[in-house]
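*Asks:*
Residue numbers (our numbering): 137 to 367.
(1) What does DSSP give as the partner residues of residue 367 in its beta bridges?
(2) Could you pull the start and end residues of the alpha helix (DSSP H) that residue 349 belongs to?
(3) Taking only runs of the alpha helix (DSSP H) that begin and end inside the region 150-209, which ones reach a length of at least 4 residues, in chain order?
(4) Kindly give me the distance between the Cβ atoms of residue 253 and residue 348, rounded to whole angstroms, as I take these residues to be in contact under 8 angstroms.
(5) Return yes when the Cβ of residue 260 is within less than 8 angstroms of the Cβ of residue 193, no when it is not.
(6) Would you identify the three-state DSSP class for residue 361, choosing helix, strand or coil?
(7) Which residue's Cα is closest to the Cα of residue 230: 273, 334, 176, 197?
(8) Going by the DSSP bridge assignment, what does residue 243 pair with across the sheet?
(9) Just how far apart, CA to CA, sit residue 291 and residue 367?
(10) Three or more beta-carbon pairs under 8 angstroms between the region 211-229 and the region 351-363, yes or no?
(11) If we count Cβ pairs, one from each stretch, closer than 8 angstroms, do we get three or more for the region 214-230 versus the region 323-340?
(12) Taking DSSP as the reference, what is the three-state secondary structure of residue 283?
(13) Quick one: what does DSSP say residue 215 is sitting in, helix, strand or coil?
(14) Going by C-alpha to C-alpha distance, which of 325, 195, 251, 221 sits closest to residue 270?
(15) Using the Cα positions of residue 352 and residue 163, report the straight-line distance between them to the nearest angstrom.
(16) Under 8 angstroms, Cβ to Cβ, is there at least one residue of chain D near residue 276?
(17) Can you give me the C-alpha to C-alpha distance between residue 223 and residue 345, rounded to a whole angstrom?
(18) Going straight from the alpha carbon of residue 215 to that of residue 242, what length do you get?
(19) Between which two residues does the beta strand (DSSP E) holding residue 269 run?
(20) Please determine, among 288, 168, 177, the residue with the shortest C-alpha to C-alpha distance to residue 325.
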C-alpha cells in the first residue's frame with residue numbers, strides 16, 4: 137500500500153519562474169517566522185513548516201500500486217476541466233489539534249484559514265476528488281472542512297487533568313480549530329499574536345491573492361503537478 141494526498145500549493149500561475157514563485161511566498165513566510173519567534177515557550181519545541189505552504193484537499197489514503205497511475209490519469213482529466221482561481225488567506229492565526237490513535241504522536245498546528253478560494257476548493261473536493269476516491273472505495277474528505285495552511289507544529293500529550301483525551305481534541309483527520317485545557321497555543325497568547333500580526337499577514341500576500349493554476353498529487357515521495365484550465 138502507498139499513501140497519497142492531494143494538495144494545493146500556494147504559488148502563482150505556473151507560467152512564472154521558480155524564482156518568482158519563491159519571491160511571492162517570501163513576504164508571508166518572513167512574517168510567519170516572526171510569529172513563531174514571538175510565541176511563548178512551549179513544553180515541546182515548535183517546528184516551522186516554512187517556506188513551503190500548502191492546503192491539503194484529501195486525507196492520506198492507501199493506494200495499491202496498480203491503482204496509482206489510473207488514479208493520476210483520472211484526476212488529470214477531471215482537474216483539467218477545472219478553472220484556475222484566486223486564493224488568499226485570512227490574517228488571524230488559528231490552532232488545530234490532531235490526536236493520533238494507536239500510540240502515535242499527537243500534534244498541534246498553527247495555521248491560516250483560506251479566505252478567497254474556499255468555495256472553489258470545496259467544489260473541487262465535492263466534484264472531483266471525492267467521486268474519484270469513492271470509485272476506489274477510499275475515504276473521502278471531511279464533510280465540512282476548514283481549508284487551511286499550517287505553518288508550525290509541536291507535539292502534545294492528551295493526558296491532562298487525569299483524562300486520556302481532553303474534550304475538544306480532534307482525531308488525526310479532524311478539520312476544525314478547537315481548544316481544550318492544557319493544550320499548546322493558549323487563546324490569550326494567540327489573541328496577542330493576532331493583534332500584532334493580523335494586518336501584517338494580510339499585507340504580506342499578493343494583491344488579489346495567488347493564482348492557483350495547478351494541483352499537486354503526492355504518492356509516497358513522488359509529486360505530480362496537474363495543471364488547471366486557464367481562462
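For every residue, glycine included, the Cβ atom is placed at its ideal position computed from N, Cα and C.
Since the model is a prediction, treat every value here as computed from it, not as a measurement.
*Replies:* The short version:
(1) Answer by DSSP bridge pairing: none, since residue 367 is not bridged.
(2) From DSSP, residue 349 is part of no alpha helix (DSSP H); its letter is neither H nor E.
(3) 154-174
(4) 7 angstroms
(5) yes
(6) strand
(7) 334
(8) 234, 291
(9) 43 angstroms
(10) The region 211-229 makes contact with the region 351-363; the number of CB pairs closer than 8 angstroms reaches 3 or more.
(11) Note that the region 214-230 touches the region 323-340; at least 3 beta-carbon pairs, one per stretch, sit closer than 8 angstroms.
(12) DSSP places residue 283 in coil when its eight states are reduced to three.
(13) helix
(14) 195
(15) 23 angstroms
(16) Judged by its chain identifiers, the structure shown contains no chain D, having just a single protein chain.
(17) 5 angstroms
(18) 33 angstroms
(19) Run containing residue 269: none in the beta strand (DSSP E); it sits in the alpha helix (DSSP H), 266-271.
(20) When 288, 168, 177 are compared, the shortest CA-CA separation from residue 325 is found for 177.
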